[in-house]
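In what follows, a single structure is set out as C-alpha cells and then discussed.
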C-alpha cells in the first residue's frame, strides 16, 4: 500500500490540475440550449461516476492495506467464498444507478430530436449542409443562397440542419452549439441547433474521411436577426450565381476557401437522393483517384500544396470578414 | 500495376524499416544455417501440434505485434506532441493509426490471449491436448500468415488508411484506391479463419475433454471465461467473414454492397462491422477477467468470492455483447427510440461488470495478499479499469455521446478498458504462467519496475486525452493548430506514451535477464497454485501433460489436496500407454498457400490468387485422405520422462 501512495497522490494532483481548466473546455462551455442540455447531462453523470470511483478506491485501499501479507496477520479466512447479502447489495446498487442515469438520458434523447423547448414556437431556419471531401456546402433554401465552408445563423432561433454527403460519411459538429450527427450520401439526417450568444464558433467534420480530413472545417457566425437578414439579402444581390460547372468542380476532392453564391445547387441535384452524383461529376471532369505512394499521387499532392500556398498569399488581407 | 506502386518509396522511415527487415531476415537465416537449426525448427515448431508450443508461438507473435503496434503509437504521439508538426504527413499518419488499431486488436490482443488459453486451458482441465490438435496448428498458421500479409503492406504497396473500422464508402475503390485496403480485407479474412477454428476447437475441448470429476461448476474461472469467449467467437466471427467478403467483392469484382453507386448501403457495413466488433471487445476482455480471477485468488490465498455470480455475470455480459452494437454510431440518426434502447442495454452491461469488480475486491477481503508482479498488475487493473468503465457508462448515454463521439474522450475510454483490461491481463498472465512455459520465473524486481513505469506512463498518456476530448479535439486528425490550445496536454500525453514504450523495453530486457540468470524451478508449482496446471511434477509439463489423468473432487482441487496433505504420488503401475497426435507440416504449407492467394488478391493478380487457392484445396484434399491416427507413447518412455523430470 505504501507503494501505491505516490501513484494515488499523483493521480489526484493531475485530476485537480486538469479539472481546474474544465470551465474553458468547449463542450462544458456551450452557447446554446442544445449544448446546454448535453452539458447538464454530462455533469449529472460525472456526479455518479465520481461516487462510484470513490467507493471502489476506498474499498480497494482499505482491503489491500488491511489484508496484505505481514507478520501478525489477522482475519485470514481462506474458505470465505461469498455472501448472499453482500452480493445482493452490489447487484442492486448498479441497477439503481443505471435507472437513475437512464431516465434523464432517454428524456434528453427525445428532447434533442425536436427544436429547443424555449423557442419551439418559432419557425426554424432551414439549412442544408452537404459534405464533400473535404469541404462543406451550405444551402439556405428560403434565402436562395449558398455558401461554402462558412455559416451565418441568427441568434435565439432554432436552426434545422438537413445533413447529407456527396461522398464519404462525415459528421457535422459544432461543439459549442451541440452534439454531432452523421452526413451520409443517399440519406438525409436532421439536427436542431441554436445559438444564444453572438460570436464565431468552430464547426467541423469529426468523422474520418481520408487525407484532407483534418482541415474539413468551417466557421459559424451567430449574429442578430437583422444582421442575418441583411447579410442574406446582400449575398442574394451581390454574390455570383452558382453554375453547374462550378458546382461540379467543387465535387473534386480537395480544400477550397470560403465562397458565397446567390443561387443553390438544389435545382439539379439532391445528394440525399443521388448518392453517386459526385463520383459521376469526377468522371465527367476526367479526375482519376490516385493510388497513394504512386508517383502520380505524389505529384498531385505537390501541385495541391503549391496551389494552397499561392491561394493563401493571394487571399491574405481580404479573407472573409467575421 | 507499375513498379513505383509496388515498393513504397520516398520516406526515410520506410527505408529504415526496409533495411531493418532485411537485416533481421539475413540474421535469422544465418543463425539457422550456422547452428544447423533448420531441422530443429521444422520438427519442434513448424510441424508441432502441441498446444503448449502453439501457445508459445502465439505469444511470441503477439509480443512482436505489440512492438510493431507500439512503434506505430509512438510515431503518432510524436507527430501530435506539438501543434502543426511536420513529422508525418496526413497519408502516412492515416496509415499508421489504421495499422495501429488493426494490429493491436486482431494481431496482438487476440493472439496473446489465445496463446495463453492454448498453454493453460488443456492443463487446467486435466487434458493431454486439445480436441483437434491438427486444427489447432491450422488456426495458428492462418493467424500468423494473415498477420504477416497485413504487416508487409507498409513496405510493399502501402498500408490501408481508412481506419481499423474501414467505414464505407471511404474504403471503396473510388475513395481509397490501391492495394492498401485489400491488405486489410485479406489479412483479416485469413487470420479470421484461424480464430473461428480456435473457437470451435476450444469449445469442444472444454466441453468434452475435462478430467473425470470436473463438472462445469468445478472448472477454474479462466477456463470458464475461455468457454464463454469461444461461444462469442463462434457467433461473432462469421459476421466479420461475411462483411469482409462483401467488401472484397465490392473492391475486386465490382459489386455494390456498400458503394456509393448502384444503391449500395454504406450504413450496412457499419452495422455488420460493429455486430462483430462489439462482441470482439468482449472476446478480448473476458479471458482477461478470467486470468485476474485466477491470479487474485492465488495471491490472496483464498477461494474466489462469488464463483457462481462470476459465471452468471460473464454469461450476461456475453449475451449483452450482441445487443449493444448501435452505440458505436448513435450519431447516425436512427431515431430516439432506437438510441434509447441501445443506451439502456449498454449501461446495463455495467451492472454485471460492476458485480465482478466487487467480487474481485472481496476475494482479497480476509485474504493474505502477496504483492507479486502478477498481483500488482491485477490490482492495477481494478484501479485503472474502473476509470474506463465509468467513462464507458458516460459514453453509453446517447444524448451526451453526440458530444463525445469521434473525440479523444472516446479514444481515452477504450484505451483505459483495453490497456488496463486486456494488456494488463496479458502481462499478468504471461508472468504468472511463465514458469509453466519456460521453467523459470521472470525476475520480480525488474517486473515491478515494468509495472510502475508502465502504469504511471499509461495514466500520463491517456488521462489528458479525456480532457482533450471535452475540449473538442477530434480523433484521427494528424495535426492541430496552435490556437486550439490542445498543445500542452498533447505534450503530456506523448511523454506518457514514451514511458510505456520504455516499460516495454524493460520487460523485454527482463525476459533476457531471466533467461540468463533466473533460478530454475524444481517443482511444477511455482506460485503455490490452486488449479491443475500446477499439479504436474515437472516445472514444464511433458508433451503429454499428465502421465495419469487426475480425478477432480471439487473446485480448486489441487489446492485442497495440498491443504489436506494428500497430493497423489505417481507410481509405475498407474502408467498406461498414452495416445498422442502426430506432428504435421500440412498446416504450415496450407497457410503458405493462403499467403500466395492473399497476396495475389491484394494486387488483383488473379492468376496468383488461383494458384494459391489450388494449393489450399490441395492440402485440404491431401489431409482428407491421410490416415494418421497418431501414436502411442510407451509405458517405459513415460516412466523415464517422469523420473527425469522429477
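Residue numbers (our numbering), protein chains in the order written: chain S, 786 to 1107; chain B, 47 to 692.
Just so you know, even glycine gets a beta-carbon here, dropped at the ideal spot from N, CA and C.
- The beta carbon of residue 1058 of chain S does not come within 8 Å of any beta carbon belonging to chain B, so the residue lies off that interface.
- Sequence-ordered contacts of the stretch 984–1009 of chain S with chain B read 987, 989, 991, 992, 993, 994, 995, 996, 997, 998, 999 [C-beta pairs closer than 8 Å].
- For the pair residue 1002 of chain S and residue 988 of chain S, the Cα-to-Cα distance works out to about 6 Å.
- The beta carbon of residue 355 of chain B lies closer than 7 Å to those of 401, 405 in the same chain, with the five residues before and after it left out.
- The stretch 444–458 of chain B makes contact with the stretch 820–829 of chain S, as at least three CB pairs between them are under 8 Å.
- Leaving aside the five residues that flank residue 678 of chain B on each side, the residues in its chain whose CB is nearer than 8 Å to its CB run, in chain order, 623, 624, 625, 626.
- Counting the other CB atoms within 10 Å of its CB gives residue 568 of chain B a total below 16, which places it among the exposed residues.
- Within 9 Å of the CB of residue 952 of chain S, the CB atoms of chain B belong to 215, 216, 220, 221, 306, in sequence order along the chain.
- Apart from sequence neighbours up to five positions away, the residues of its chain that approach residue 467 of chain B with a beta-carbon distance below 6 Å are 331, 334, 431, ordered along the chain.
- Per the Cβ contact rule, the stretch 889–897 of chain S is in contact with the stretch 382–392 of chain B (3 or more Cβ pairs under 8 Å).
- Inclusion of residue 545 of chain B and residue 506 of chain B in the CB contact set at 8 Å is warranted, their separation being smaller than that value.
- About 6 Å separates the CB atoms of residue 389 of chain B and residue 443 of chain B; that is less than 8 Å, so the two are in contact.
- When only Cα atoms are considered, residue 93 of chain B and residue 221 of chain B end up about 42 Å apart.
- Under the three-pair Cβ rule at 8 Å, the stretch 598–616 of chain B does not count as touching the stretch 499–515 of chain B.
- Secondary structure at residue 603 of chain B: helix, using DSSP grouped into helix, strand and coil.
- When C-alpha distances from residue 314 of chain B are compared across B:619, B:338, B:327, B:288, the shortest belongs to B:288.
- Contacts between residue 1031 of chain S and chain B, judged by CB atoms closer than 9 Å, are missing: the closest CB pair is about 22 Å apart.
- If you look at residue 964 of chain S, you'll find it in the beta strand (DSSP E) that goes 963–968.
- The beta carbon of residue 240 of chain B lies closer than 6 Å to those of 185, 188, 189 in the same chain, with the five residues before and after it left out.
- When the five nearest sequence neighbours on each side are left out, the beta carbons in the same chain lying within less than 7 Å of the beta carbon of residue 127 of chain B are those of 536, 537, 540, in order along the chain.
- Inter-residue distance for residue 200 of chain B and residue 301 of chain B is about 27 Å (C-alpha atoms, whole angstroms).
- DSSP, read as helix, strand or coil, puts residue 474 of chain B in helix.
- The alpha helix (DSSP H) runs lying completely inside the stretch 267–341 of chain B and spanning 4 residues or more are 267–299, given in chain order.
- Spanning the alpha carbons of residue 423 of chain B and residue 362 of chain B requires a straight line of approximately 26 Å.
- Secondary structure note for residue 663 of chain B: its alpha helix (DSSP H) is the uninterrupted segment 652–670.
- Assigned with DSSP and collapsed to three states, residue 992 of chain S falls in coil, not helix or strand.
- In the three-state scheme derived from DSSP, where H, G and I count as helix and E and B as strand, residue 981 of chain S is classed as coil.
- Within the stretch 1072–1087 of chain S, those residues whose Cβ lies closer than 9 Å to any Cβ of chain B are, in chain order, 1073, 1074, 1075, 1076, 1077, 1078, 1079, 1080, 1081, 1082, 1083, 1086.
- As a beta-bridge residue in DSSP terms, residue 678 of chain B pairs with B:625.
- For the stretch 434–467 of chain B, the set of residues with a beta-carbon nearer than 9 Å to any beta-carbon of chain S comprises 435, 436, 437, 439, 440, 442, 443, 444, 445, 446, 447, 448, 449, 450, 451, 452, 453, 455, in chain order.
- Residue ranges of uninterrupted beta strand (DSSP E) with 3 or more members, entirely inside the stretch 895–926 of chain S and ordered along the chain, are 910–917, 920–925.
- Secondary structure at residue 223 of chain B: coil, using DSSP grouped into helix, strand and coil.
- Taken through DSSP and simplified to helix, strand or coil, residue 1076 of chain S comes out as coil.
- Contact check for residue 51 of chain B and residue 1076 of chain S: beta-carbon distance about 5 Å, within the 8 Å limit, so the pair qualifies.
- Closest in alpha carbon position to residue 523 of chain B, among B:56, B:120, B:130, B:605, is B:130.
- DSSP lists no beta-bridge partner residue for residue 490 of chain B.
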